[in-house]
Each structure stands twice: as structure tokens, then as C-alpha cells.
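**Student:** After the C-alpha cells below, expect a handful of questions from me.
Number of protein chains: 2
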Amino acid sequence: MFLEAGLLTRRSVRQFEAGRKIPHSDIEDLLKIAMYAPSGCNRQPWEFVVVEDEKVKEKITEIHPHASFLKDASAAIVVCGDTNQELDENFWVVDTSAAVENLLLAIHGKGLGGCWCAIYPYEDRMKAFQNLLGLPENVKPNALVVVGYPVKTPPQPKDRFKPEKIHYNKW
Amino acid sequence: MFLEAGLLTRRSVRQFEAGRKIPHSDIEDLLKIAMYAPSGCNRQPWEFVVVEDEKVKEKITEIHPHASFLKDASAAIVVCGDTNQELDENFWVVDTSAAVENLLLAIHGKGLGGCWCAIYPYEDRMKAFQNLLGLPENVKPNALVVVGYPVKTPPQPKDRFKPEKIHYNKW
């Protein structure tokens, strides 16, 4: 029941307490949960770059068009997939997306706030993050997760249940 | 804390109580939670086909190479993305993968068992599911989620925490 409640109350947070830093032990708790996501044949092809350096954070707001609110956040977590570790071509996108969702739920479960900013499928953003972070060619960034202490508890998400999206036995 | 505990104990379930059916009200609870996943600009491009018909289930085991255990499960839920609803090309893969992870966590939270069987990125499987379920050309199947009542509580997942996958500020 508690798990389900958490799944229904998570939502994007974009306002953070400036200067308040998440301890590395908590960052590792969050990333541990991301690493418990399912993956094709359990290959776990993910890698995580945690950006706390203010200069690198600023560079990120220059290469990502929708991440200006990173300024007050504690960290940017760039969730990547290693194409040398994935089960088959493009599987890294699926596996790392599940890991991002676990990460966002973990952030919510800890009373922190987070927001998923897309890098994939935008080739220009992927390239820019690879250059900025020095990622090897085989390590592809999927998502930028901005995380910090929320200024306020965000309101509940609007009702997203759409029964018309459920089809029985065939389309 | 409870949310986090659920995230760390979910794992694939492939043995189900034969003949025991999940009520549709529970199926809808599960899919509601899937629909609370984040998506690019909140486009929610997902669609779900719930297969309970025994003949269609059998056909699925013929077109998917790793789903023979569907036989005893209550249902197969095919999670699809509508490319007419997605934010940008290939965004449906990301959004629906997050929805699949929410669905698996919801299944776990309800004491049911589920397993993610990949359809994407395999073109042949995608085509076969489109044909079998009568999906329109713009509706792409990402994953087959097999769900049912588990025969036994599966053991805890092995430790998946790999601190070497965490990089600070750059690769």
C-alpha cells in the first residue's frame, strides 16, 4: 500500500533550497535503488555521473534548454547507458529509462525532489553531454535528473487515469 | 521508507498459480499506477493491451521467444507507445519504459508477480505483436508484462549496488 501511494504522489520538482547539499551517503542510497531496476538479461548497463561542481552545473544549463532550475539544486545526475554492456542494440534506452524512474521514486521516497530532463533522443544534447562530461563514445546519456531539497511539497498530480487507454485482448 | 523497501525487493516472477485470475478492478489499479509515470511534457503516449483470452495468450508464446511461462499467468499486458502522441521521435520508448517500471512496481506492491519480456528493440517481435493485436501502424509495442499470482515469494534480489558505476563531476 505504501509503495503504491508513493507511485501515485511522485511528481516533478523544479524549486529547490539553494545551497543545501545532499550528503553522498544519500546520493548513494538513491543510486543503489536506481541500480535495482530490471534490465535485459540483468545486464545493468547503466552508469551515473553526479555533478555537484558549480561550474559544471552552469555548463549544463548552457547545453540543456530546459534545466535552468538546476542552479539551486544540490546535484545533477546524468544517467547513462553503456552500449558495450547492453543486451542488444538500443536496449540501453529501455534499461536506463527504468533506472531513471526508480531514481525519481527513490528521490520522492526520501522526501527530496527531482525532475527528469530529457537528453535522449536529442542527438545534439547527447553529444554536448558526452563532450562536457568526457564520456567515452560507448557511454550514451539518456537523462539529466535534477535533485535537491524541495522548497515546498508539490501538490498532488492531477488525475492521470485514462481508462480509454486500456484495451482487452486486442486493439 | 516503505517506498524504498518496495523498490529494493521487486524482482521478476515467472511461476504463477494456474487458473487464478486477477479481477479487472485490480488490473485497472495497476494500469492507473503505470499511467502516473513521468513522460516528456506529460504527453502520456502509452496504451495498454491486456490479454486474458487463452488463445491469444498461446499465440503470444509463439511469437515471443521467452514467454512460455505466460501459460499459467493471469494476463499479458502489452505496453505500447503511440508515436502520434509522443513529444519527439523515439520518445515513446523512454516514456513507456518508465510506465513499465511503474507497472512492475505496482504489481509487486499488490503482492502479485510480474516479468518484463522485451518486445522493443526487436523489429520482428514488434511487427508480430502489431499483427496479432491489430495495433495501428503508429502504436508500437515496447514490452510484454506477464502478470499473475506468484506460486511462492521469490527470494530477495542479489545485491546490485555497484559503487564503481558512480562518477563524480566527470567520467
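Chains as they are written, first to last, in numbering that gives the first Met the number 0: chain A, 0 to 170; chain B, 0 to 170. The beta carbon of each residue, even a glycine, is placed where N, CA and C say it ideally should be.
Taking the alpha-carbon positions, what's the A/Val-92 to A/Asn-141 distance?
**Tutor:** The residue you call residue 92 of chain A lines up with position 93 of the first sequence. The residue you call residue 141 of chain A lines up with position 142 of the first sequence. A/Val-92 and A/Asn-141: Cα-Cα distance of roughly 7 Å.
**Student:** Between the Cα of A/Gln-14 and the Cα atoms of A/Lys-161, A/Tyr-167, A/Gln-155, A/Val-146, which residue gives the shortest distance?
**Tutor:** By 1-based counting over the first sequence, the position of residue 14 of chain A is 15. Closest in C-alpha terms to A/Gln-14, from the list A/Lys-161, A/Tyr-167, A/Gln-155, A/Val-146, comes A/Val-146.
**Student:** Anything in chain A within Cβ reach of B/Ser-73, meaning under 9 Å, just list it in chain order.
**Tutor:** Counting from one through the second sequence, the residue named residue 73 of chain B turns up at place 74. Those within 9 Å of B/Ser-73 in chain A number zero; the least Cβ separation is about 13 Å.
**Student:** Helix, strand or coil for A/Gly-108? Go by DSSP, reduced to three states.
**Tutor:** Here residue 108 of chain A refers to the residue found at position 109 when the first sequence is read from its first residue. In this structure, A/Gly-108 counts as helix in the three-state DSSP scheme.
**Student:** Using a Cβ-Cβ cut-off of less than 8 Å, give me the residues of the stretch 100–119 of chain A that come near chain B, in sequence order.
**Tutor:** Glu-100, Asn-101, Leu-103, Leu-104, Ala-105, His-107, Gly-108, Lys-109, Trp-115, Ala-117, Tyr-119
**Student:** If you follow the alpha helix (DSSP H) that A/Asp-25 is part of, which residue opens it and which one closes it?
**Tutor:** The residue you call residue 25 of chain A lines up with position 26 of the first sequence. Note, A/Asp-25: alpha helix (DSSP H), 23–33.
**Student:** Can you look up B/Trp-91 in the DSSP assignment and give me helix, strand or coil?
**Tutor:** Your numbering for residue 91 of chain B matches position 92 in the second sequence. In this structure, B/Trp-91 counts as helix in the three-state DSSP scheme.
**Student:** Evaluate the contact criterion for the stretch 150–160 of chain A versus the stretch 119–139 of chain B: three or more CB pairs, one atom per stretch, below 8 Å.
**Tutor:** Two segments are said to touch when three or more pairs of C-beta atoms, one from each, lie closer than 8 Å; by this definition the stretch 150–160 of chain A does not touch the stretch 119–139 of chain B.
**Student:** Once DSSP output is grouped into helix, strand and coil, what is the label at B/Asp-52?
**Tutor:** Indexing the second sequence from 1 puts residue 52 of chain B at position 53. Here B/Asp-52 sits in coil by DSSP.
**Student:** Determine the direct distance from the alpha carbon of B/Lys-169 to that of A/Phe-47, and round the result to whole angstroms.
**Tutor:** Position 48 of the first sequence, counted from the first residue, corresponds to residue 47 of chain A. Position 170 of the second sequence, counted from the first residue, corresponds to residue 169 of chain B. Rounded to whole angstroms, A/Phe-47 to B/Lys-169 spans 10 Å at the Cα level.
**Student:** What residue does the alpha helix (DSSP H) around B/Leu-131 start on, and which one ends it?
**Tutor:** In the second sequence, counting from the first residue as 1, residue 131 of chain B sits at position 132. 122–132 is the extent of the alpha helix (DSSP H) around B/Leu-131.
**Student:** Looking at the structure shown, is B/Asp-81 part of a helix, part of a strand, or coil, going by DSSP?
**Tutor:** Counting from 1 along the second sequence, the entry for residue 81 of chain B is found at position 82. In the structure shown, B/Asp-81 sits in a strand (DSSP, three-state: E or B).
**Student:** Identify which residue in A/Ala-117, A/Asn-101, A/Ser-24 has its Cα closest to the Cα of B/Ala-33.
**Tutor:** Numbered from its first residue, the second sequence carries residue 33 of chain B at position 34. Of the listed residues, the one whose Cα sits closest to B/Ala-33 is A/Asn-101.
**Student:** Just reading off the beta strand (DSSP E) that A/Ile-165 is part of, what are its end residues?
**Tutor:** Within the first sequence, the letter at position 166 stands for residue 165 of chain A. Here the beta strand (DSSP E) through A/Ile-165 covers 165–167.
**Student:** Would you mind working out which of A/Thr-8, A/Leu-86, A/Arg-124 sits nearest A/Cys-116, comparing C-alpha positions?
**Tutor:** Along the first sequence, read from residue 1 onward, the residue named residue 116 of chain A stands at position 117. Residue A/Arg-124 is the option with its Cα nearest to A/Cys-116.
**Student:** I'd like to know if B/Phe-160 contacts chain A, where contact means its C-beta is closer than 9 Å to some C-beta of that chain.
**Tutor:** Your numbering for residue 160 of chain B matches position 161 in the second sequence. It does: the Cβ of B/Phe-160 has a partner Cβ on chain A nearer than 9 Å.
**Student:** Can you tell me whether A/Leu-86 is helix, strand or coil according to DSSP?
**Tutor:** Counting from 1 along the first sequence, the entry for residue 86 of chain A is found at position 87. Of the three classes helix, strand and coil, the one that applies to A/Leu-86 here is coil, per DSSP.
**Student:** Going by beta carbon distance, what residues of the same chain come within less than 7 Å of B/Ala-17, once the five residues before and after it are set aside?
**Tutor:** On the second sequence, residue 17 of chain B is found 18 positions in, with the first residue counted as 1. Once the five neighbours on either side are set aside, the close Cβ partners of B/Ala-17 are Asp-71.
**Student:** Does A/Ala-142 get closer than 9 Å to chain B when you measure Cβ to Cβ?
**Tutor:** Here the question's residue 142 of chain A lines up with position 143 in the first sequence. Yes, A/Ala-142 counts as interfacial toward chain B.
**Student:** Could you give the distance in angstroms between the alpha-carbon of B/Pro-37 and the alpha-carbon of B/Thr-60?
**Tutor:** The count along the second sequence starts at 1 and reaches residue 37 of chain B at position 38. The count along the second sequence starts at 1 and reaches residue 60 of chain B at position 61. For B/Pro-37 and B/Thr-60, the distance between alpha carbons rounds to 30 Å.
**Student:** On the DSSP letters alone, give me the boundaries of the beta strand (DSSP E) that A/Val-144 sits inside.
**Tutor:** By 1-based counting over the first sequence, the position of residue 144 of chain A is 145. Start and end: 138–147.
**Student:** Touch check for the stretch 42–57 of chain B and the stretch 77–94 of chain B: three-plus C-beta pairs under 8 Å?
**Tutor:** yes
**Student:** Quick one: what does DSSP say A/Tyr-119 is sitting in, helix, strand or coil?
**Tutor:** Within the first sequence, residue 119 of chain A is the residue found at index 120, counting from 1. In the structure shown, A/Tyr-119 sits in coil (DSSP, three-state: anything other than H, G, I, E or B).
**Student:** On the CB-based measure, 16 or more other CB atoms within 10 Å of its CB, does A/Pro-149 come out buried or exposed?
**Tutor:** Position 150 of the first sequence holds residue 149 of chain A. When all chains shown are included, A/Pro-149 counts as buried.
**Student:** Secondary structure at A/Phe-160, three-state DSSP: helix, strand or coil?
**Tutor:** Your numbering for residue 160 of chain A matches position 161 in the first sequence. A/Phe-160 carries a coil assignment under DSSP once its states are collapsed to helix, strand and coil.
**Student:** Between the Cα of B/Pro-120 and those of B/Ala-74, B/Pro-162, B/His-63, spot the shortest distance and give me the residue it belongs to.
**Tutor:** Numbered from 1 along the second sequence, position 121 holds the residue referred to as residue 120 of chain B. The candidate whose alpha carbon is nearest that of B/Pro-120 is B/His-63.
**Student:** Can you give me the C-alpha to C-alpha distance between B/Glu-163 and B/Ile-76, rounded to a whole angstrom?
**Tutor:** Counting from 1 along the second sequence, the entry for residue 163 of chain B is found at position 164. Counting from 1 along the second sequence, the entry for residue 76 of chain B is found at position 77. The straight-line gap from Cα to Cα measures roughly 35 Å.
**Student:** Can you give the Cα-Cα distance for B/Gly-5 and B/Glu-27, rounded to whole angstroms?
**Tutor:** Residue numbering aside, residue 5 of chain B sits at position 6 when the second sequence is read from its first letter. Residue numbering aside, residue 27 of chain B sits at position 28 when the second sequence is read from its first letter. Their Cα atoms are separated by approximately 20 Å.
**Student:** Quick one: what's got a C-beta closer than 8 Å to B/Thr-8's C-beta in the same chain, skipping five residues either side?
**Tutor:** Taking the second sequence and counting its residues from 1, the one referred to as residue 8 of chain B is at position 9. Cβ neighbours of B/Thr-8 beyond the five flanking positions: His-107, Gln-155, Pro-156.
**Student:** In the structure shown, what three-state DSSP assignment does B/Gly-18 receive?
**Tutor:** As a position in the second sequence, residue 18 of chain B is number 19, starting the count at 1. Looking at B/Gly-18 - three-state DSSP - the assignment turns out to be coil, as it is neither helix nor strand.
**Student:** For chain A, check one thing: does any of its Cβ atoms lie closer than 9 Å to the Cβ of B/Phe-15?
**Tutor:** For the purposes of this step, residue 15 of chain B is identified with residue 16 of the second sequence, where counting begins at 1. No, its Cβ sits nowhere closer than 9 Å to a Cβ of chain A.
**Student:** Distance, Cα to Cα, B/Leu-30 vs B/Ile-165?
**Tutor:** Stepping through the second sequence from its first residue, residue 30 of chain B is reached at position 31. Stepping through the second sequence from its first residue, residue 165 of chain B is reached at position 166. C-alpha separation (whole angstroms): 33 Å.
**Student:** Buried or exposed for B/Cys-114, please, with buried defined as at least 16 other CB atoms from any protein chain shown within 10 angstroms of its CB.
**Tutor:** Your numbering for residue 114 of chain B matches position 115 in the second sequence. Classification for B/Cys-114: buried.
**Student:** Taking DSSP as the reference, what is the three-state secondary structure of B/Ala-72?
**Tutor:** Here residue 72 of chain B is taken as the residue at index 73 of the second sequence, counted from 1. Of the three classes helix, strand and coil, the one that applies to B/Ala-72 here is coil, per DSSP.
**Student:** I need the straight-line Cα distance from B/Glu-99 to B/Leu-143, nearest angstrom please.
**Tutor:** Position 100 of the second sequence, counting from 1, holds the residue named residue 99 of chain B. Position 144 of the second sequence, counting from 1, holds the residue named residue 143 of chain B. The displayed chain sequence assigns Val, not Glu, to residue 99 of chain B. B/Val-99 and B/Leu-143: Cα-Cα distance of roughly 9 Å.
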